[in-house]
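Notes follow once the structure below has been shown.
Protein chains: 2
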Amino acid sequence: MTESSPPRRPTMEDVAEVAGVSRGTVSRVLNGGHYVSPDASAAVQRAIRKTGYVVNQHARSLVTQRSDSVAFILSDPQDRLFEDPNFNILLKGCTQALAERDITLLLTVAGTQEDRKRVGRWVTAGHVDGVLLVSEHAGSPLIGELRSRGLPIVAAGRPIGHEREISYVAADDRDGARQMVSHLRSRGYRTIGIITGPVDTPGGVDRLAGYHDVLGRSDKKLIVHGDYSQASGAAAMEELLRRVPDIDAVFVCSDLMALGALAALQRAGKRVPEDIAIGGFDDSKAAVSSTPQLTTIRQDFTRVSTEMVRLLLDSIGTDTRSAVILPTELVIRDST
Amino acid sequence: MTESSPPRRPTMEDVAEVAGVSRGTVSRVLNGGHYVSPDASAAVQRAIRKTGYVVNQHARSLVTQRSDSVAFILSDPQDRLFEDPNFNILLKGCTQALAERDITLLLTVAGTQEDRKRVGRWVTAGHVDGVLLVSEHAGSPLIGELRSRGLPIVAAGRPIGHEREISYVAADDRDGARQMVSHLRSRGYRTIGIITGPVDTPGGVDRLAGYHDVLGRSDKKLIVHGDYSQASGAAAMEELLRRVPDIDAVFVCSDLMALGALAALQRAGKRVPEDIAIGGFDDSKAAVSSTPQLTTIRQDFTRVSTEMVRLLLDSIGTDTRSAVILPTELVIRDST
DNA sequence: CTGAAAGCGCTTACAG
DNA sequence: CTGAAAGCGCTTACAG
Chain A
21 MTESSPPRRP TMEDVAEVAG VSRGTVSRVL NGGHYVSPDA SAAVQRAIRK TGYVVNQHAR
81 SLVTQRSDSV AFILSDPQDR LFEDPNFNIL LKGCTQALAE RDITLLLTVA GTQEDRKRVG
141 RWVTAGHVDG VLLVSEHAGS PLIGELRSRG LPIVAAGRPI GHEREISYVA ADDRDGARQM
201 VSHLRSRGYR TIGIITGPVD TPGGVDRLAG YHDVLGRSDK KLIVHGDYSQ ASGAAAMEEL
261 LRRVPDIDAV FVCSDLMALG ALAALQRAGK RVPEDIAIGG FDDSKAAVSS TPQLTTIRQD
321 FTRVSTEMVR LLLDSIGTDT RSAVILPTEL VIRDST
Chain B
21 MTESSPPRRP TMEDVAEVAG VSRGTVSRVL NGGHYVSPDA SAAVQRAIRK TGYVVNQHAR
81 SLVTQRSDSV AFILSDPQDR LFEDPNFNIL LKGCTQALAE RDITLLLTVA GTQEDRKRVG
141 RWVTAGHVDG VLLVSEHAGS PLIGELRSRG LPIVAAGRPI GHEREISYVA ADDRDGARQM
201 VSHLRSRGYR TIGIITGPVD TPGGVDRLAG YHDVLGRSDK KLIVHGDYSQ ASGAAAMEEL
261 LRRVPDIDAV FVCSDLMALG ALAALQRAGK RVPEDIAIGG FDDSKAAVSS TPQLTTIRQD
321 FTRVSTEMVR LLLDSIGTDT RSAVILPTEL VIRDST
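Protein chains in written order, with the numbering used here: chain A, 21 to 356; chain B, 21 to 356.
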């Protein structure tokens, strides 16, 4: 019946036998080739090729106490990050940066309380050497749990309330907002509103702060909160038109919300930018798919992801902590 | 200096000592509790809680020869899948279905030839018990490589040329296309074109086949190929208008391409559906964000992902092979 | 430079 | 039901 059971996977012992050396020598060749004679090394290389040997990662991890893997943990109660176009860029960037270094990316979600417990146990089981944390909201309770396990963590975006404890990489939200609002003012717009992100996200608070930096304490009526979704952008725009009929510019804190705002303005019979200017944030695909194309703030998520990986790998072992703030840039198109 | 080195992680030995039993008994409690007295079991549970013990996954895997992880491999030379909205739904579905079973998802990409070698080695290193394969194009050379390692594989979508070798889960593309084209015909449209996906993808060939099922060997001029991108949809629509000025309906094989087609028609001064009808495929968010909203074919990617996970877990150990074809459904909106 | 040996933390027959 | 022991496949001081 089971006459052709799959051939046993070759072990280091097999390689050693073929090469005519000891297991220890094979291991040394595999781990940098120090203290190995050229002859022995060559024999081992040959034997590895002949046997098709591949190291058993579990056996190695058991002794080295390292897994050569890192976790990419999505901590978002709504799972909304999966729909965020920026999330994709981040995930893609991290996956590739890690693959280049032969490090495995383990993806996991921790939305519910129960998930968080599972992830805590899982991380402790030795699966990973460090954690890349992406969370939509502030004060993710996961941070405390992970910290208590002593694992290196790097967050995407400023981890509100934990800036001192863990490393993070963020785009300069506040300065980006300043650039946009200054731009609107320099174009001659006078009544400048803002549609913010959720106030428990760094993008929500920091972009609003940048707006205030330029305009000072502006009229509260000019500030409406959205949740980064297109629908919320439309609703917020309608609210602004109701509150301030003569509004002539709006800084919308994400391109996706700006799309919603654009649609709402169209329905209200307003022309952009003749009647009202719209500035976005992200410089995503949405910014160039709309009519008119959006003036927006570029943040480079590919760069964020490579910096996150670099920071994490640096901190594994050394336990250093740092924050990297990447510049943002105004991109002028047709909506302002 | 290093006075407060992190407390050593508790091992099974520690638990055994606290509980006053042997290591073997602790292990038995952990692995189902068979052949353990209630008293011993209770003592072990208590000791686990007291010590905060968590199993070392590497040690366990070393002896069980299983990793309790599966790989999610993206095999796409262009990395375009990261931009595909369907990809996100698939990834999210798989992540959650696996998390529920306490199985880890390892994400990796294998776009280039070199990547493929890396992934081959990596898979062999014992990292995973099975593979979920998502690839944009036919004849992914990775399939052969993975097959030779004897790992269970489940593909998303029909793996052209490998249908007999590996399991897969796919939506019924061909029948969906038939439903759409029949619908267009029943609405009275007579000159029905098609904008297909790439002809080396199952969605590219099978949807075109469904179109032919209904219309027979139609005029070649009515067939234009796209690449699923919005831009290609626009270009293809312009080409169709040039070739067949009196065309009155088009089945566009993805919602995203349909968005492009819609924009091209708007530029050409054609009204939808008065002058020309447009049918999409996917029932993605794009279908309801457009004006008019798209008549389209729904395929349920969440369901695809749960079926993929089920199939994979079933086949680990048993080595069974199967294909699951999920029904597609016509969703009528305003564009036809 | 090299080999013999200990040890990483588990699971699982085997005896009892 | 339980313990003692072998063994999973590696790495790494230690002696030489």
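Even glycine gets a Cβ: it sits at the ideal position worked out from N, Cα and C.
In this text, all values refer to a predicted model and were calculated from it rather than measured experimentally.
Rank R48(B), G253(B), Y73(B) by C-alpha distance to the C-alpha of S61(B) and give the top, closest one. It is R48(B) whose Cα lies nearest to the Cα of S61(B).
Does the Cβ of L143(B) have 16 or more other Cβ atoms within 10 Å, making it buried, or fewer, making it exposed? Correcting the residue identity first, residue 143(B) is Val in this sequence and not Leu. By the 10 Å Cβ count, V143(B) comes out buried.
Would you mind telling me which residues of chain B sit closer than 9 Å to T115(A), beta carbon to beta carbon, in chain order? Correct list: L94, F102, L127, T128, V129.
Who pairs with S89(A) in a beta bridge, going by DSSP? Beta-bridge partners of S89(A) (DSSP): T124(A).
Inter-residue spacing [alpha-carbon to alpha-carbon] between P161(A) and L153(A): For P161(A) and L153(A), the distance between alpha carbons rounds to 12 Å.
Cutoff 7 Å; reference S24(A); Cβ partners in own chain excluding five residues on either side: A caution first: S24(A) carries a pLDDT of 42, below 50, which makes its placement in the model too unreliable to give a value.
Taking the alpha carbon of V219(A) as the reference point, which residue from A229(A), T84(A), N106(A) has its own alpha carbon closest? Just measuring C-alpha positions, the residue of A229(A), T84(A), N106(A) sitting nearest V219(A) is A229(A).
Excluding the five sequence neighbours on either side, which residues of its own chain have a C-beta within less than 8 Å of the C-beta of H232(B), listed in chain order? Once the five neighbours on either side are set aside, the close Cβ partners of H232(B) are S238.
Beta carbon of D12(A) nearer than 8 Å to that of T348(A): Given a span of 21 to 356 for chain A in the structure shown, any question on residue 12(A) remains unanswerable.
Can you check whether the C-beta of R141(A) is within less than 8 Å of a C-beta belonging to chain B? Taking Cβ atoms only, chain B reaches closer than 8 Å to R141(A), which makes this a yes.
Under the three-state reduction of DSSP, which class applies to R237(A): helix, strand or coil? Shown here, R237(A) sits in coil according to DSSP, grouped into three states, outside any helix or strand.
Check whether the Cβ of R138(B) lies closer than 8 Å to any Cβ atom in chain A. At least one chain A Cβ lies under 8 Å of R138(B).
CA-to-CA distance, L314(B) to D275(B), given in whole angstroms: Between the alpha carbons of D275(B) and L314(B) lies a distance of about 8 Å.
At 8 Å on the CB atoms, spell out the chain A contacts of G146(B), in chain order. By Cβ distance, chain A contributes N76, Q77, H78.
State buried or exposed for H203(A), treating a residue as buried only when at least 16 other CB atoms are found within 10 Å of its CB. By the neighbour-count criterion, in which a residue is buried when 16 or more other Cβ atoms sit within 10 angstroms of its Cβ, H203(A) is buried.
Would you report the Cα separation of R227(B) and L350(A), rounded to the nearest angstrom? If you take the alpha carbons of R227(B) and L350(A), they lie about 43 Å apart.
Which term fits T340(A), buried or exposed, when burial requires 16 or more other beta carbons within 10 angstroms of its beta carbon? With fewer than 16 Cβ atoms within 10 Å of its Cβ, T340(A) is classed as exposed.
Nearest-angstrom beta carbon gap, V174(A) and L282(A) [assumed within contact, 8 Å]: Between the beta-carbon of L282(A) and that of V174(A) there is about 35 Å, and that puts the pair past the 8 Å contact cut.
Three-state secondary structure assigned by DSSP to E185(A): E185(A) falls in the coil class under three-state DSSP.
With I336(A) as the anchor, note down where its alpha helix (DSSP H) starts and where it stops. For I336(A), the enclosing alpha helix (DSSP H) stretches over residues 321-338.
Given that N51(A) touches chain B, what residues does it touch there, using C-beta distances under 7 Å? In chain order: nothing, as chain B lies at least about 15 Å away.
Output needed for P222(B): all residues of its chain with C-beta closer than 7 Å, excluding positions within five of it in sequence on either side, in chain order. Leaving aside the five residues that flank P222(B) on each side, the residues in its chain whose CB is nearer than 7 Å to its CB run, in chain order, G177, R178, I180, A190, D193.
With a CB to CB cut of under 8 Å and the five nearest residues on each side skipped, what residues in its chain are close to D266(B)? Taken in chain order, the residues that qualify are T211.
Beta-carbon of K70(A) versus every beta-carbon of chain B: anything under 8 Å? Taking Cβ atoms only, chain B never reaches closer than 8 Å to K70(A), which makes this a no.
According to DSSP, what are the bridge partners of S95(A)? Residue pairing by DSSP places S95(A) opposite S155(A) in a beta bridge.
Okay, do the stretch 101-110 of chain A and the stretch 316-334 of chain A touch, 3+ Cβ pairs below 8 Å being the bar? Enough Cβ pairs lie closer than 8 Å, so yes.
Check the Cβ of K112(A) against every Cβ in chain B and list those closer than 7 Å, keeping chain order. By Cβ distance, chain B contributes D99, F102.
For the stretch 76-85 of chain A against the stretch 127-140 of chain A, are there 3 or more C-beta pairs whose distance is under 8 Å? As far as the Cβ criterion goes, the stretch 76-85 of chain A does not touch the stretch 127-140 of chain A, which means the pair count is below three.
Chain-ordered chain A contacts of L82(B) [CB-CB under 8 Å]: By Cβ distance, chain A contributes N76, H78, A79, L82.
The beta strand (DSSP E) that contains E362(A), what's its start and end? The structure shown does not extend to residue 362(A), since chain A spans only 21 to 356, so no value can be given for it.
Along the stretch 306-331 of chain A, what residues have a CB closer than 8 Å to any CB found in chain B? Answer set for the stretch 306-331 of chain A: S309.
In chain B, which residues lie with their C-beta within 9 Å of the C-beta of N14(A)? Nothing can be reported for residue 14(A), as the shown portion of chain A is limited to 21 through 356.
Using the Cα positions of F417(A) and K112(B), report the straight-line distance between them to the nearest angstrom. There is simply no residue 417(A) to check, as chain A begins at 21 and stops at 356 in what is shown.
Have a look at C114(A) and D303(A) and give me their C-alpha separation to the nearest angstrom. Straight through space, the alpha carbons of D303(A) and C114(A) are spaced by roughly 20 Å.
Could you name the residues of chain A that T221(B) contacts, counting a contact when the two beta carbons are closer than 9 Å? Near T221(B) there are no residues of chain A at all, since even the closest Cβ is about 20 Å away, more than 9 Å.
DSSP-derived helix/strand/coil call for D275(B): Looking at D275(B) - three-state DSSP - the assignment turns out to be helix.
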